[in-house]
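In my numbering, the protein residues as written are 3 to 418.
Read through the structure below, which is laid out as structure tokens, and then see the notes.
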């Protein structure tokens, strides 16, 4: 059964109506370990839009339906990104772990209309300037260096020693940061997406580093992402760029690392991709695509806030209500992916990168795919006879309502 909280006082849920006496907690051990099962149970009880409680029992609406997510993301005049509209701010704890990602900040993520197009266009242009050939070459060198550290041991943790390190080392170079800072940044970014007070402190540390980085690039610009943002014709205020840098780095590091880890897990545990991996019946590209459907790194996204009273899938959404985009649940919506048609090969209609004006920019998607695909290909080329070191059911997932990623991925292989 779904973990529920039938004793929540009406005052804390006054914006959620027609609850039927139960509101699902979208956190806790069961959700962490079996999110797909929880989504199915929520869908059976409430349909494609459901009342939920986030960490600290903060009320919100979870949109699980594919068509409903498409509707929300395609209608910014009804569901906006400016979180200052939220009617529950007075009840949000100051140390709420999700606050850094939900509280309004003057950056592209929370702007709307023409202002968002201006800011988002600058970010997209700066990312589009990344040379894909050079990027893949850098990833190959970084991957080889990381593999060299554990290749002779015959064992490794592909999350802590590879998937969580490689993206941030690559991104650090795109940002013009020294390699030595990458491990600390990776740890803080990962912590900022988890639960608890330390998530807030980790977010503050990363933003502080981005502020210093902007100051450094103002004094000594280079051929890097922050320098291109500072020089862009959109004229972004330098004091507002650090938040965009944090969100870009955070999204790139977390989603890319988990995309890599989840794909490696699939290839290590699914016979369709095995055959010593390097000779697998399906390609790395097919595995990457399947993971975006079945185990997408970004499970949920907060969010949108109702600009006016409206109805969505029969639910009364009041002005100022928070709406969480259930990207993973939408990908599994039986109305668009019935059990009789489970194939994902060649199908790129997933919601994993969201949709609409605030969806992940195309250049960012291309960079992430280049990093993950290259990193996995290098790993399989270097260690072709790799195997999972523990039973699949012993793998543990990080406790996060937003991201889906492994804590560790232990493997064994023939020492080099």
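Cβ atoms here follow ideal geometry from the backbone N, Cα and C, with glycine treated the same way.
{"Item": "Can you have a look at residue 321 and say buried or exposed, based on whether 16 or more other CB atoms are within 10 angstroms of its CB?", "Value": "exposed"}
{"Item": "Within 10 angstroms of the Cβ of residue 386, are there 16 or more other Cβ atoms? Answer buried if so, exposed if not.", "Value": "exposed"}
{"Item": "Go through its chain and collect everything with a Cβ distance to residue 260's Cβ below 8 Å, but skip five positions before and after it.", "Value": "165, 299, 405, 406, 407, 408"}
{"Item": "In whole angstroms, what is the alpha-carbon distance linking residue 144 and residue 363?", "Value": "25 Å"}
{"Item": "Between residue 2 and residue 332, which are expected to be in contact by the criterion C-beta below 8 Å, what is the C-beta distance as a whole number of angstroms?", "Value": "Any property of residue 2 remains undetermined from this structure, which presents the chain solely from 3 to 418."}
{"Item": "For residue 23, name the three-state secondary structure that DSSP assigns.", "Value": "Unreliable positioning characterises residue 23 in this predicted model, as indicated by a pLDDT of 47, which lies under 50. The coordinate reading is nonetheless provided below. It is coil, neither helix nor strand."}
{"Item": "So what does residue 313 bridge to, in DSSP terms?", "Value": "318"}
{"Item": "Using C-beta distances below 6 Å, list every residue in its chain close to residue 330, excluding the 5 sequence neighbours before and after it, in chain order.", "Value": "298, 301"}
{"Item": "For the beta strand (DSSP E) that residue 328 lies in, which residues bound it at each end?", "Value": "Counting along the chain, residue 328 falls outside any beta strand (DSSP E), and DSSP gives it neither H nor E."}
{"Item": "Identify every residue that forms a DSSP beta bridge with residue 405.", "Value": "300"}
{"Item": "Residue 110: buried (16+ other C-beta within 10 angstroms of its C-beta) or exposed?", "Value": "buried"}
{"Item": "Are the CB atoms of residue 220 and residue 232 within a distance shorter than 8 Å?", "Value": "yes"}
{"Item": "May I ask you to verify whether the segment 100 to 114 touches the segment 372 to 380, counting CB pairs closer than 8 Å and requiring at least 3?", "Value": "no"}
{"Item": "If you scan the segment 89 to 118 from start to end, which runs of the alpha helix (DSSP H) of 4 or more residues do you find wholly inside it?", "Value": "101 to 104"}
{"Item": "For residue 31, which option in 414, 410, 137, 401 has the closest C-alpha, if you only look at C-alpha atoms?", "Value": "401"}
{"Item": "State yes or no: is the C-beta of residue 306 within less than 8 Å of the C-beta of residue 74?", "Value": "yes"}
{"Item": "Ignore the nearest five residues each way along the sequence and tell me which others in residue 90's own chain have a CB closer than 6 Å to its CB.", "Value": "none"}
{"Item": "Going by Cα to Cα distance, which pick from 294, 230, 76 is closest to residue 126?", "Value": "230"}
{"Item": "Suppose you measure from the CA of residue 187 to the CA of residue 316; what does that come to, to the nearest Å?", "Value": "43 Å"}
{"Item": "Given that a residue counts as buried once 16 or more other Cβ atoms are within 10 Å of its Cβ, and exposed if not, what is residue 150?", "Value": "exposed"}
{"Item": "Beta-carbon separation of residue 269 and residue 377 under 8 Å?", "Value": "no"}
{"Item": "If you follow the alpha helix (DSSP H) that residue 159 is in, where does it begin and where does it stop?", "Value": "First-last for residue 159: 157 to 159, but that is the beta strand (DSSP E), not the alpha helix (DSSP H)."}
{"Item": "Taking residue 56 as the reference, give the member of 325, 354, 215 with the closest Cα.", "Value": "325"}
{"Item": "I need the straight-line Cα distance from residue 160 to residue 313, nearest angstrom please.", "Value": "45 Å"}
{"Item": "Taking the CB atoms as reference points, tell me whether residue 403 and residue 29 lie closer together than 8 Å.", "Value": "yes"}
{"Item": "Residue 255: buried (16+ other C-beta within 10 angstroms of its C-beta) or exposed?", "Value": "buried"}
{"Item": "Determine the closest residue to residue 257 out of 241, 177, 303, with distance taken between C-alpha atoms.", "Value": "303"}
{"Item": "Hey, would you say residue 294 sits closer than 8 Å to residue 352, going by beta carbons?", "Value": "yes"}
{"Item": "Out of 108, 61, 118, 410, which has the shortest C-alpha to C-alpha gap to residue 267?", "Value": "410"}
{"Item": "Count the other C-beta atoms from every protein chain shown that fall within 10 angstroms of the C-beta of residue 158, then say buried if there are 16 or more, exposed otherwise.", "Value": "buried"}
{"Item": "Between 225, 397, 250, 354, which has its C-alpha nearest residue 132's C-alpha?", "Value": "225"}
{"Item": "Going straight from the alpha carbon of residue 130 to that of residue 124, what length do you get?", "Value": "10 Å"}
{"Item": "Kindly indicate which three-state DSSP category residue 411 falls into: helix, strand or coil?", "Value": "coil"}
{"Item": "Near residue 118, what residues of its chain come up, given a Cβ to Cβ distance below 8 Å and the 5 sequence neighbours on each side ignored?", "Value": "83, 110, 359, 360"}
{"Item": "Hey, residue 442 and residue 112 are a contact pair by Cβ (cut 8 Å); roughly how many whole angstroms apart?", "Value": "In this structure the chain extends from 3 to 418, so residue 442 is not present and cannot be described."}
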